[in-house]
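Numbering (this note's numbering), first residue to last: 15 to 681.
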């Protein structure tokens, strides 16, 4: 019984992770799509200003909402509390906080003490905070209702409308439709409108009005929820200080242009954090619901092992691709950010591990401990930034971030396990960290590995080492959710063989990136020759098409089309079948179209098609008549022969019966 309970816990965690991943995937695609848009339409100074405004909004949101959304997920998932009362109190607290923020913002704008940061953007800042707070409140309550699919759909809706408004404002409408120099306003307005539409969608889709009743306010529950959420305000602020002090202190010491470079450097590291967030949201729910279970410690141990292995593989993978991705995605204007991205990628390992440990405080309602550890993080980060940024420039923020997150993780690793005493694989953690640090060091020394292939191969080898070390933990949990037959076959291979095979595939993929797909093309040519020798049309046809397509896209359309023609013509010599002749003729049309003119290829193909229709006109006519008369794709006698025996017997009996009836009638 207990085993089934544990299995259901893993299953629920995995299913929630998958649903959150589906909902979050669209927002990750959004990040990829939007970066080129606003990096090309905003100057480095505007990028820095936009980053500062969003950071200010993120600082205000916990204060304006009193982090009540954290209490909603904690008490909403707890069956001991009435969801209707929880949601009503959440709305009341959020509304009160927003009114206080509006009054304070008006006073600050009147006095002018924050003009350097928010001058001209006060109204948009308020709307940004308001819509973000409401959207978070509603989507969090949907999670508390365990309607994770609706939560995922809400993420897709938010992504769609953000992208829509970004494209409209920056690419479709005139540049000055809001006035001259309004790039920052367009960015903020896109997010505001998207959050507002998402909040309305969730409100009606989940019928949240049914959970609102302000007539009967439960003061005792309100006190309990505030006792839980208020200690999280400084805790969240301190985490935000840790995350955003880099931006503000870089602006203070080095200027907004340099902060724009730092902001670009965070784009790729944020991929690790956002991918982890898919798992983290599901884990947060599981930590709360499994807090009182008998197998809690074992559950935490297995999940933490999976969690750290996932993070090491993600971080090492990002380190492997950070330089080519920066060249393609971020753009040349801020290409310098590749100098700092590796350190920030490494810091995300401890950031995410710290978040995992923090979920123990939330599940056990010990939020004051979260406050203390967050205070340590903020002090270390700000203190080191004050020392390092004036001394070593933009290398200062990443180093201070690593130091603060690493320190807090160590503190939480000891402290949180006094609440939930689960085991940790320290040996694997140390080895994985050493390898990731080595990869980071190489990337810091050489910022253009594409011109130093031996160094890139060394980084690839280190990634494979991280992959092999951590694959067993990933596989052991994933085997619980894939079909049993497949899981048994994979398990029979042995973890060493499976890890080496996976690492080999990764290494082969890396070699293809490094050598422009030449190893893969060579492998496909070998596969083509093997398929040709054993007369396996599916093998050599697939190898011919994929190989020619790679040559077409990587090297030249003429070379790709020529290779396809040669590969299609070779089977004619060996087998002399009509289908190979037809394939060779079509590939020749493609080759001539690539070599001379595209329209020539289409013209030849159409002439050949007409000629074939003339030559085989009788067969085509017979085929058409058979299909019209019998509704089949061939003559009726061949169709009958292909029918199962029991169907043929029944059809023949029916036909005999009809003939007999006809004879009796005639008689």
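Even for Gly, the Cβ is constructed at its ideal location relative to N, Cα and C.
Small disclaimer: the values here were computed from a predicted structure and weren't measured.
DSSP three-state assignment for residue i, whether helix, strand or coil
| i | result |
| --- | --- |
| residue 430 | helix |
| residue 461 | coil |
| residue 596 | helix |
| residue 362 | helix |
| residue 196 | coil |
| residue 92 | coil |
| residue 391 | helix |
| residue 81 | coil |
| residue 419 | helix |
| residue 442 | helix |
| residue 229 | coil |
| residue 611 | coil |
| residue 354 | coil |
| residue 636 | helix |
| residue 624 | helix |
| residue 247 | helix |
| residue 220 | coil |
| residue 412 | helix |
| residue 397 | helix |
| residue 667 | Because residue 667 sits at a pLDDT of 46, beneath the cut-off of 50, its placement in the model cannot be relied upon, and the following sentence gives the value as read from the coordinates. It is helical. |
| residue 76 | helix |
| residue 56 | coil |
| residue 604 | helix |
| residue 189 | coil |
With 16 other Cβ atoms within 10 Å as the buried cut-off, status of residue i
| i | result |
| --- | --- |
| residue 313 | buried |
| residue 134 | exposed |
| residue 15 | Reliability of the predicted coordinates at residue 15 is poor, the pLDDT of 40 falling under 50, and the value obtained from them is presented with this limitation in mind. Label assigned to residue 15: exposed. |
| residue 322 | buried |
| residue 570 | exposed |
| residue 270 | buried |
| residue 616 | exposed |
| residue 230 | exposed |
| residue 59 | exposed |
| residue 144 | buried |
| residue 454 | buried |
| residue 406 | exposed |
| residue 150 | buried |
| residue 630 | exposed |
| residue 239 | buried |
| residue 81 | buried |
| residue 688 | This structure leaves residue 688 out entirely; the chain is present only between 15 and 681. |
| residue 137 | exposed |
Residue range of the alpha helix (DSSP H) that includes residue i
| i | result |
| --- | --- |
| residue 176 | 162 to 181 |
| residue 96 | First-last for residue 96: undefined, no H or E at that position. |
| residue 581 | 571 to 589 |
| residue 239 | 233 to 243 |
| residue 407 | Run containing residue 407: none; DSSP gives neither H nor E here. |
| residue 551 | 551 to 568 |
| residue 311 | 310 to 339 |
| residue 272 | 270 to 279 |
| residue 146 | 136 to 158 |
| residue 536 | 532 to 547 |
Option in the options with minimal Cα separation from residue i
| i | options | result |
| --- | --- | --- |
| residue 212 | 221, 412 and 148 | 148 |
| residue 390 | 421, 380 and 405 | 421 |
| residue 479 | 452, 246, 415 and 97 | 452 |
| residue 576 | 329, 605 and 166 | 605 |
| residue 450 | 382, 157 and 472 | 472 |
| residue 456 | 330, 547 and 75 | 330 |
| residue 585 | 396, 71, 355 and 553 | 553 |
| residue 482 | 417, 549, 326 and 375 | 326 |
| residue 71 | 228, 146, 445 and 340 | 146 |
| residue 175 | 205, 196, 199 and 184 | 205 |
| residue 354 | 433, 188 and 333 | 333 |
| residue 533 | 470, 315 and 564 | 564 |
| residue 339 | 157, 154 and 281 | 281 |
| residue 559 | 527, 592, 246 and 600 | 600 |
Proximity test, Cβ basis, 9 Å: residue i and chain B
| i | result |
| --- | --- |
| residue 197 | Given the protein chain composition of this structure (a single chain), no chain B is represented. |
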